[in-house]
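J.: Supplied in structure tokens, the structure appears directly below.
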Amino acid sequence: MAAGFGTRMRSARPKVLHPIGGRPMIVRVLATISQLSPDHSIVVLGHHAAEVESEIVAHFGRNKVSFAVQGVPQGTGDAARVGMGMLPDGFSGDVMMVYGDMPRISPQTLERFIASHRESGAPLSLVSARPESPGSYGRIVRNSSGAVAAIVEASDATPAELAIDEINTGVYLVDSDLLRRALGELRPANAQGEYYLTDIVAAACRRGFKVHAWTAEHPEEFAGVNSREELSQMESDIRRETNRRLMASGVTLVDPATAYISEEAEIGADTVIGPNVQILGRCRIGAGVVIEGTAWLREVSIGARSFLKLGVRAEDCRIGEDCEIGPFANLRAGTDLEGHNRIGNFVETKQARIGRGSKASHLSYLGDTTIGRETNVGCGVITVNYDGYDKHPTEIGDRCMIGCDTQLVAPVKVGSDVYVASGTTVLRDVPDGALCVSRHPQAVKTGWTEGWRKRHQKPASDGKATARDGK
Ligand code: UD1
Ligand code: CA
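Throughout the sequence shown, residue numbering follows the numbering used here, covering -12 to 458 in sequence.
Next up, the structure:
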């Protein structure tokens, strides 16, 4: 169910699209559900339906889920009714209902819930929990013999009911016939004037059906996100857990409080991650890597023993093994370093395939470039790849020395074993083994400076000549 207004988020963005650990809540929930391989998977949309649908389709395609639209969100019970309408005629079997704002549920836990439901023989099961503070969750009301009798929403609860510590997590398994009938009986006679899905519990009890409550072993998995505060709380819970897991597997986090590492990242043993590091998406980081600190990495793979000095930003790229990057390097999408490379300070690379052992140590832009092995790119070398309309490629071979302050005006090819003299503007292809120079003849005028300064002097008020203000 993902149709609600998400009022408590105070956001123009639909609540279920807010990301947790880099992925929208609803995407996380659906990824979990899809691992259970249900016969049908239906998402109830409403508020910002098109936006939510397109995000889901972008992740799961068109075939895995179908969509039902709740015109006006009138409560979770109404949403369930709309969702049921999408099931094929004559469908019978169990229906699992899950809210779109509980992004931490795991497939293993849901499997255990399903097993417990089947074992109980009850036509309606729900997951309950005893969290530290029951807050705004619905309370599970039990009768004198301890059987589940109803769920009371916090906003409708009496003080005695509010004191109940067993809460409704919002995951249900219900026989479809019972569910249809129970949903038909819902009335919006409550504090919020909504059709509450939770009222199916009392409806089932009235008809004499047994309701089974399965208590979650890890209540934190069932936490719902309703506000920005809960969002940040969950984000930091997940982060702490990820950091703990990584440290247990042999990764050093110099300051776990400032290590922001995606759950999807894989990091090898004896890798050291310094302070203020963000590792986002599916990064693969090898063993013995050192990330000194202040780095932003997304969808990057880093080979063993590479060293990232202070201030590296890298996205959608591969850094091979034994590389030395930074300080202050910007590796943009499509950068592919084969290994043993050095990319130094203030070097920007983009769509750059750089062969083993090649280096660009200072102040360069290397875009749409292929560089062979053991080539040295001098300080201030620039690939001139853009003519205002198109991007053009530069190719450089093996074992070249590209002199400082060279511009390579693309498209252009430089062969292997080429020396390009510093300050050269390379306009045409250079064959293997050549020296390429384009220089203006150097003119030297001895004693010129003194004359220049004299011509620019003006008399001061005391009659002495002074230089002009250098503005
Ligand atoms: C709900 C439960 C509460 C439970 C809690 C667990 C009800 C009445 N209450 O409360 O017992 O403890 O979840 O987290 O069910 N939605 C729709 N259509 C609507 C309204 C909501 O699709 O008309 C969707 C929302 O997008 C959301 C989910 O249902 O993903 C839950 O709605 P929300 O308003 O967050 O319910 P809670 O107040 O948290
Ligand atoms: Ca909620």
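Using N, Cα and C, we set each Cβ at its ideal position, and we do this for glycine too.
Pull every residue with its beta-carbon under 5 Å away from any heavy atom of ligand 2, and keep them in chain order.
T.: Listed along the chain, these residues meet the criterion: D88, G211 and N213.
J.: Can you list, in chain order, the residues of its chain whose CB lies under 6 Å from that of G384, leaving out five sequence neighbours each side?
T.: G359, G402 and S403
J.: Count the other C-beta atoms from every protein chain shown that fall within 10 angstroms of the C-beta of Q444, then say buried if there are 16 or more, exposed otherwise.
T.: exposed
J.: For S214 and V3, I'd like the C-alpha separation in whole angstroms.
T.: 11 Å
J.: Can you tell me whether P206 is helix, strand or coil according to DSSP?
T.: Three-state DSSP puts P206 in a helix.
J.: Kindly list the residues whose CB is nearer than 6 Å to the CB of V276, restricted to its own chain and excluding five residues on each side of it in sequence; keep chain order.
T.: T258, I289 and S293
J.: Below 8 Å, how does it come out for the region 198 to 209 and the region 98 to 114: are there three or more Cβ pairs, yes or no?
T.: yes
J.: How many angstroms separate the CA atom of V334 from the CA atom of T322?
T.: So the alpha carbons of these two residues sit roughly 12 Å apart.
J.: Using a threshold of 7 Å, is the CB atom of T145 nearer than that to any non-hydrogen atom of ligand 1?
T.: no
J.: Which residue or residues does DSSP assign as beta-bridge partners of L160?
T.: According to DSSP, which records beta bridges pairwise, L160 is partnered with M83 and S112.
J.: Using only the heavy atoms of ligand 1, determine whether one of them is closer than 7 Å to the beta carbon of A(-10).
T.: Yes.
J.: Let me check understanding here. Comparing Cα to Cα, which of E302, E325, N332 and E308 lies closest to L318?
T.: The shortest C-alpha separation from L318 is found at E302.
J.: Which residue from A244, I225 and V241 puts its Cα closest to that of E251?
T.: I225
J.: Which residues share a DSSP beta bridge with G354?
T.: K337
J.: Smallest Cα separation from V407: which of G354, V424 and Q220?
T.: Of the candidates G354, V424 and Q220, the one whose C-alpha sits nearest the C-alpha of V407 is V424.
J.: Per DSSP, which residues does Q319 bridge with? Please list them.
T.: At residue 319 the sequence reads Arg, which differs from the Gln that was named. Answer by DSSP bridge pairing: none, since R319 is not bridged.
J.: Here's a check: name, in chain order, each residue in its chain whose Cβ is nearer than 6 Å to the Cβ of A421, leaving out the five neighbours to either side.
T.: Only V405 meet the Cβ criterion.
J.: Provide the residue span of the beta strand (DSSP E) that contains T381, from first to last.
T.: T381 to I383
J.: Could you spell out the range, first to last residue, of the alpha helix (DSSP H) harbouring R231?
T.: R215 to A235
J.: With DSSP collapsed to three states, give me the class of D65.
T.: Annotated three-state conformation of D65 is helix, per DSSP.
J.: Using DSSP with H/G/I as helix, E/B as strand and the rest coil, what is C423?
T.: strand
J.: Helix, strand or coil for V417 per DSSP?
T.: strand
J.: Rounded to the nearest angstrom, what separates E172 and N155 at their Cα positions?
T.: Linking E172 to N155 through their CA atoms gives a straight-line distance of about 20 Å.
J.: Grouping DSSP H, G and I as helix and E and B as strand, with all else coil, what is S131?
T.: coil
J.: Taking 7 Å as the cut-off, does the CB of E140 come closer than this to any heavy atom belonging to ligand 1?
T.: Result yes, Cβ under 7 Å from ligand 1.
J.: Answer yes or no: the CB of I127 versus the heavy atoms of ligand 1, is any distance below 7 Å?
T.: no
J.: Is L184 near ligand 1, judged by its Cβ being under 7 Å from some heavy atom?
T.: yes
J.: Could you tell me the distance, in whole angstroms, from the CA atom of G313 to the CA atom of T411?
T.: 26 Å
J.: What are the residues that DSSP puts in a beta bridge with P6?
T.: P6 is bridged to P11.
J.: Given this structure, state the Cα-to-Cα distance separating N372 from T381, to the nearest angstrom.
T.: 8 Å
J.: Measure the C-alpha to C-alpha separation of G48 and D355 and round it to an integer number of angstroms.
T.: Roughly 32 Å separates the two Cα atoms.
J.: Among all the DSSP beta bridges, which residues are the ones paired with H199?
T.: Per DSSP, S112.
J.: Determine, using beta carbons only, whether V135 and R126 come nearer to each other than 8 Å.
T.: Between V135 and R126, the CB-CB gap reaches or exceeds 8 Å.
J.: Just verifying my parser: in three-state terms, what is the DSSP assignment at C304?
T.: strand
J.: Using 7 Å as the cut-off, classify the Cβ of Q57 as near or not near the heavy atoms of ligand 1, replying yes or no.
T.: In this structure, the C-beta of Q57 approaches ligand 1 to less than 7 Å from one of its heavy atoms.
J.: State buried or exposed for E208, treating a residue as buried only when at least 16 other CB atoms are found within 10 Å of its CB.
T.: buried
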